[in-house]
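Below is one structure, written out as structure tokens; the observations come after it.
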Amino acid sequence: MKVRSQGVIKDGHFSLTSAVVPMVGNVLVSASSEDIADIFSRGVKECESVTIGRSLMENQPIRIPVNDFFASHIGIFGNTGSGKSNTLHKLYLELFNSRYGSPALEKSSFVIIDFNGEYGSGSAFKDHHIQLYDGVKRKISN
Numbered sequence: 001m002k003v004r005s006q007g008v009i010k011d012g013h014f015s016l017t018s019a020v021v022p023m024v025g026n027v028l029v030s031a032s033s034e035d036i037a038d039i040f041s042r043g044v045k046e047c048e049s050v051t052i053g054r055s056l057m058e059n060q061p062i063r064i065p066v067n068d069f070f071a072s073h074i075g076i077f078g079n080t081g082s083g084k085s086n087t088l089h090k091l092y093l094e095l096f097n098s099r100y101g102s103p104a105l106e107k108s109s110f111v112i113i114d115f116n117g118e119y120g121s122g123s124a125f126k127d128h129h130i131q132l133y134d135g136v137k138r139k140i141s142n
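Position 115 (the sequence shown) corresponds to 115 in full-length UniProt numbering; numbering is contiguous.
This is the structure in structure tokens:
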């Protein structure tokens, strides 16, 4: 069996670290269901977060803290076809559909720069008030 350390659970909180290395001969203990929940929650309280999905193998909720994540600018970058648009849609749809949705829409501005027109129809967030601004598509040549 090959085992690799991913982090440490101390006082009920998981830290992703390589600072603690098990010694040869240390006893291996399987993570309990509570440990797995701690690892996936990363200290994010359910009442202060939105759930954006579940882990595939453990079926644990994946939550992000609303105030920490959405309080500033975010960018989603990746190769073509890597899921950037789906990720953005999921993040904002979960926020808007949560108990934080109405206050967020009343007190904040959300600007989505959509170079490829994937959100241009307005159907991505159809139940929420959005404004679309027509841009000019330009082809840049050398």
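By construction, the Cβ of each residue, glycine as well, lies at the ideal position given by its N, Cα and C atoms.
Counting other Cβ atoms within 10 Å of its Cβ, I39 reaches 16 or more and is therefore classed as buried. Take V20, set aside five residues on each side of it, and the residues of its chain with a beta-carbon closer than 6 Å to its own are V8, in chain order. If the five residues before and after R54 are omitted, its C-beta is found closer than 7 Å to the C-beta atoms of Q60, P61, I62, all from its own chain and listed in chain order. In this structure, S108 sits away from V50, with a CB-CB distance that is not shorter than 9 Å. Rounded to whole angstroms, the Cβ separation of E106 and I52 is 22 Å, and the two are not in contact under 8 Å.
Per DSSP, H89 is one residue of the alpha helix (DSSP H) stretching across 84-97. Residues of the same chain with a CB within less than 6 Å of the CB of V44, apart from the 5 flanking positions on each side, are R63, P65 in chain order. DSSP places K10 inside the beta strand (DSSP E), whose first and last residues are 7-10.
Measuring C-alpha to C-alpha distances from G75 to each of V29, V111, E34, Y100 identifies V111 as the nearest. Comparing C-alpha distances from T17 to each of S5, L28, D114, L88 shows the shortest one belongs to S5.
As far as DSSP is concerned, G78 takes part in no beta bridge. Straight across, the Cα-Cα distance linking M57 with G117 is about 34 Å. In the DSSP secondary-structure assignment, P61 is bridged to R54.
If you compare the alpha carbons of S102, L91, S85 with that of F115, the shortest gap goes to S85.
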